[in-house]
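Heads up, the thing below is written out as structure tokens.
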Amino acid sequence: MAHTVLVVPVPALEGYVRGRWEHYDPAWVSPDPAFTHAHITALAPFLPSPSEADLARVAAIARARPAFDFVLDDVTAFPDGIVHAVPTPAGPFAELTARLWREFPACPPYAGEFADVVPHLTLDRIGPAVSTVSVTADLAGLLPARARAERLELHRYAEGDCRVLESWPLG
Numbered sequence: 012m013a014h015t016v017l018v019v020p021v022p023a024l025e026g027y028v029r030g031r032w033e034h035y036d037p038a039w040v041s042p043d044p045a046f047t048h049a050h051i052t053a054l055a056p057f058l059p060s061p062s063e064a065d066l067a068r069v070a071a072i073a074r075a076r077p078a079f080d081f082v083l084d085d086v087t088a089f090p091d092g093i094v095h096a097v098p099t100p101a102g103p104f105a106e107l108t109a110r111l112w113r114e115f116p117a118c119p120p121y122a123g124e125f126a127d128v129v130p131h132l133t134l135d136r137i138g139p140a141v142s143t144v145s146v147t148a149d150l151a152g153l154l155p156a157r158a159r160a161e162r163l164e165l166h167r168y169a170e171g172d173c174r175v176l177e178s179w180p181l182g
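Numbering (the numbering used here), first residue to last: 12 to 182.
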């Protein structure tokens with residue numbers, strides 16, 4: 012089912028994350044060269060068809076949030092088995108999500124499914140051959156990943172049609 016998501020791209024881990032998408036869900040791998048499979052979600056799901064006024068509100072939020080540096084080092088898993096890396100510091104991501112949600116109250120993070128929204132970059136899912144230990148080993152040459160949150164993007168996710176709809180610089 013098609014949906015939109017506001018994300019902060021993390022190009023430093025794109026090769027690994029895109030490889031996992033190619034392994035699990037190749038129909039959801041984007042041919043759009045601007046699309047970054049490796050990202051930290053700012054708000055999802057977002058509006059299915061945002062208006063120009065909605066996009067202007069997102070642009071204003073992006074302009075008001077200065078770019079910032081962060082590190083991805085710790086690989087862990089949520090109780091549902093999603094293996095992820097936690098950004099340090101996490102505060103700027105949490106603040107961005109909170110600000111977007113205040114502006115778009117009809118779009119609670121993760122559709123309100125989780126009481127505590129934890130900024131993270133999804134890496135994989137626990138399974139017979141996948142654990143936090145195996146993912147950490149796979150990422151040995153990439154972690155710690157030092158990155159800079161420089162932009163906010165609106166991504167469209169649809170089978171066979173994942174792409175960037177809009178992009179705004181932070182700050």
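All C-beta atoms in this analysis are idealised placements derived from N, C-alpha and C, irrespective of residue type, glycine included.
>> Count Cβ pairs between the segment 119-128 and the segment 54-74 that sit closer than 8 Å; are there 3 or more?
In response: yes
> Do residue 181 and residue 161 have their C-beta atoms closer together than 8 Å?
Replying inline: Translated into positions along the sequence shown, residue 181 becomes position 170. Translated into positions along the sequence shown, residue 161 becomes position 150. Cβ distance < 8 Å, so residue 181 and residue 161 count as in contact.
> Looking at residue 158 and residue 28, is the spacing between their C-beta atoms short of 8 Å?
Replying inline: Numbered from its first residue, the sequence shown carries residue 28 at position 17. Numbered from its first residue, the sequence shown carries residue 158 at position 147. Their beta carbons are not under 8 Å apart, which means residue 28 does not touch residue 158 by this criterion.
> Per DSSP, what kind of secondary structure is residue 54 in: helix, strand or coil?
Replying inline: Position 43 of the sequence shown holds residue 54. Here residue 54 sits in strand by DSSP.
> Would a C-beta distance cut-off of 8 Å place residue 114 and residue 76 closer than the cut-off?
Replying inline: In the sequence shown, the residue the question calls residue 114 occupies position 103. In the sequence shown, the residue the question calls residue 76 occupies position 65. No.
>> Rounding to the nearest angstrom, what Cα-Cα distance links residue 167 and residue 175 in this structure?
In response: Numbered from its first residue, the sequence shown carries residue 167 at position 156. Numbered from its first residue, the sequence shown carries residue 175 at position 164. The straight-line gap from Cα to Cα measures roughly 6 Å.
>> According to DSSP, is residue 149 part of a helix, a strand, or is it coil?
In response: On the sequence shown, position 138 is the one that residue 149 refers to. Residue 149 falls in the helix class under three-state DSSP.
> At what residues does the beta strand (DSSP E) containing residue 107 begin and finish?
Replying inline: Stepping through the sequence shown from its first residue, residue 107 is reached at position 96. Careful: residue 107 lies outside any beta strand (DSSP E), inside the alpha helix (DSSP H) at 102-114.
>> Checking 8 Å against the spacing of the C-beta atoms, do residue 24 and residue 148 come in under that value?
In response: Reading the sequence shown from its first residue, position 13 is the one you call residue 24. Reading the sequence shown from its first residue, position 137 is the one you call residue 148. Not closer than 8 Å, so no.
> Which residue or residues does DSSP assign as beta-bridge partners of residue 138?
Replying inline: Sequence index remark: in the sequence shown, residue 138 carries index 127 (1-based). 141, per the DSSP bridge assignment.
>> Considering Cα atoms alone, identify which of 14, 81 and 35 is closest to residue 138.
In response: Numbered from its first residue, the sequence shown carries residue 138 at position 127. The shortest C-alpha separation from residue 138 is found at 35.
> According to the neighbour-count rule (16 or more other Cβ atoms, all chains shown, within 10 Å of its Cβ), is residue 135 buried or exposed?
Replying inline: For this step, residue 135 is matched to residue 124 along the sequence shown. Buried.
>> According to DSSP, simplified to helix, strand and coil, what is residue 17?
In response: Locating residue 17 in the sequence shown gives position 6, where the first residue counts as 1. In the structure shown, residue 17 sits in a strand (DSSP, three-state: E or B).
> Which of helix, strand or coil does DSSP assign to residue 128?
Replying inline: Position 117 of the sequence shown holds residue 128. DSSP places residue 128 in coil when its eight states are reduced to three.
>> Can you check which of these residues, 89, 39, 70 and 173, is closest to residue 132 by C-alpha distance?
In response: For this step, residue 132 is matched to residue 121 along the sequence shown. Comparing Cα-Cα distances from residue 132 to each of 89, 39, 70 and 173, the minimum goes to 89.
> Name the DSSP beta bridge partners of residue 83, please?
Replying inline: Reading the sequence shown from its first residue, position 72 is the one you call residue 83. Residue 83 pairs with 98 and 156.
>> Quick check: the Cα distance between residue 12 and residue 169, rounded to an integer number of angstroms?
In response: As a working mapping, residue 12 is identified with position 1 in the sequence shown. As a working mapping, residue 169 is identified with position 158 in the sequence shown. For residue 12 and residue 169, the distance between alpha carbons rounds to 6 Å.
> Where residue 40 and residue 46 are concerned, what is the direct C-alpha to C-alpha distance, given to the nearest angstrom?
Replying inline: For this step, residue 40 is matched to residue 29 along the sequence shown. For this step, residue 46 is matched to residue 35 along the sequence shown. Distance between the alpha carbons of residue 40 and residue 46 is about 9 Å.
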